[in-house]
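Student:
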Amino acid sequence: MLPELGLSRRRILAAAAAALLASGCGFRPRGRFSVPFKTLYIQMSGQSPLTHEIRRRIEAETSATVVDDIRDAEAILSTDSTSRTRVVNSYNDSGDAREYRLGLDITFRLTSPEGYEFMPATTLSARRDIPYTYKNYLSRETEEATLYRDIEKDIAIQLLRRLEAAKPHAVQ
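Residues 995 to 1166 (my numbering) are what the sequence shown spells out, left to right.
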């Protein structure tokens, strides 16, 4: 037996063990989500960047099609509330804000056109911290906008995971 052959076997066994452990904990790479409906109507503000992100991800990462007419939909995704927050997270020695916490909360529900609740009202939240100094005052707006876009992406992924867990409508 060659020493190189033994080394490659160890690598193969280690990779197989790692794959086995990862599959046992529920890990899966990002990719497609399976949802219990084929068509979806999004009843949210059409101008919101969050709506665009959710729509884009549903179309790209699920087998569902987003429809423009509510009569063509098997499911309706609607929001009860959406709110952005910006609060002081910490202060410096002189009492000025040193760090802010940006947040986004969205409460949504998923129903059928007949009124069946695939998912009751559910709230998703995401937060990010942003340091603040007077020196970087002019770049703060750009950094906040970037962090809010990141938060919206996070919320959209959380929402897809929740849609995947929705209870399918029993055909009668």
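Glycine included, each C-beta is placed from N, C-alpha and C at the ideal position.
Please check the pair T1073 and T1101, which I expect to be a contact at CB under 8 Å, by giving their CB distance rounded to whole angstroms.
Tutor: To locate residue 1073, count along the sequence shown from 1; it is residue 79. To locate residue 1101, count along the sequence shown from 1; it is residue 107. Contact holds; Cβ gap of about 7 Å.
Student: For V1029, count neighbouring Cβ atoms within 10 angstroms of its own Cβ and tell me buried if that reaches 16, exposed if not.
Tutor: On the sequence shown, position 35 is the one that residue 1029 refers to. Result: buried.
Student: In whole angstroms, what is the alpha-carbon distance linking R1022 and Y1128?
Tutor: Along the sequence shown, read from residue 1 onward, the residue named residue 1022 stands at position 28. Along the sequence shown, read from residue 1 onward, the residue named residue 1128 stands at position 134. Its pLDDT being 49, under 50, R1022 is placed unreliably in this model, and the coordinates cannot settle the point.
Student: Tell me which same chain residues have a C-beta within less than 7 Å of the C-beta of K1161, skipping the five on either side of it?
Tutor: Sequence index remark: in the sequence shown, residue 1161 carries index 167 (1-based). Only F1112 meet the Cβ criterion.
Student: Of all the options R1050, T1056, Y1035, which has the alpha carbon lying nearest to the alpha carbon of R1155?
Tutor: The count along the sequence shown starts at 1 and reaches residue 1155 at position 161. Answer by Cα proximity: T1056.
Student: Can you say whether T1136 is buried or exposed, counting buried as having 16 or more other CB atoms within 10 angstroms of its CB?
Tutor: Numbered from its first residue, the sequence shown carries residue 1136 at position 142. So T1136 ends up on the exposed side.
Student: In or out: Y1131 buried (at least 16 other Cβ within 10 Å) or exposed?
Tutor: Start at 1 with the first residue of the sequence shown, and residue 1131 comes out as number 137. Result: exposed.
Student: Assuming the contact rule is C-beta atoms closer than 8 Å, D1144 and R1122 should be a hit. Round their C-beta distance to whole Å, please.
Tutor: By 1-based counting over the sequence shown, the position of residue 1144 is 150. By 1-based counting over the sequence shown, the position of residue 1122 is 128. Going by Cβ atoms, the distance from D1144 to R1122 rounds to 7 Å, so yes, they are a contact pair.
Student: For T1127, which three-state DSSP category applies?
Tutor: Along the sequence shown, one-based indexing puts residue 1127 at 133. Correct three-state label for T1127: coil.
Student: Would you report the Cα separation of P1125 and E1138, rounded to the nearest angstrom?
Tutor: Locating residue 1125 in the sequence shown gives position 131, counting from the first residue. Locating residue 1138 in the sequence shown gives position 144, counting from the first residue. About 10 Å.
Student: For L1096, which residues in the same chain have their Cβ closer than 8 Å to its Cβ, ignoring the five residues on either side in sequence?
Tutor: Taking the first residue of the sequence shown as 1, we reach residue 1096 at position 102. Only R1078, T1079, R1080, R1121, R1122, D1123, I1124, E1138, L1141, Y1142, I1145 meet the Cβ criterion.
Student: First and last residue of the beta strand (DSSP E) that includes T1059?
Tutor: What you label residue 1059 is simply residue 65 of the sequence shown in a count that begins at 1. T1059 -> beta strand (DSSP E) spans 1059-1061.
Student: Compare the beta carbon distance of P1107 and A1067 with 8 Å and say whether it is the shorter of the two.
Tutor: Within the sequence shown, residue 1107 is the residue found at index 113, counting from 1. Within the sequence shown, residue 1067 is the residue found at index 73, counting from 1. Yes; because the gap between Cβ atoms is below 8 Å, this pair is in contact.
Student: Where do the ends of the beta strand (DSSP E) carrying A1054 lie?
Tutor: As a first step, residue 1054 is located in the sequence shown; it is residue number 60 there, counting from the start. Element bounds for A1054: not the beta strand (DSSP E) but the alpha helix (DSSP H), 1043-1055.
Student: Suppose only complete runs of 4+ residues qualify. What are the alpha helix (DSSP H) ranges in the segment 1078-1165, listed by chain order?
Tutor: Segments of the alpha helix (DSSP H) lying fully in the segment 1078-1165: 1134-1158.
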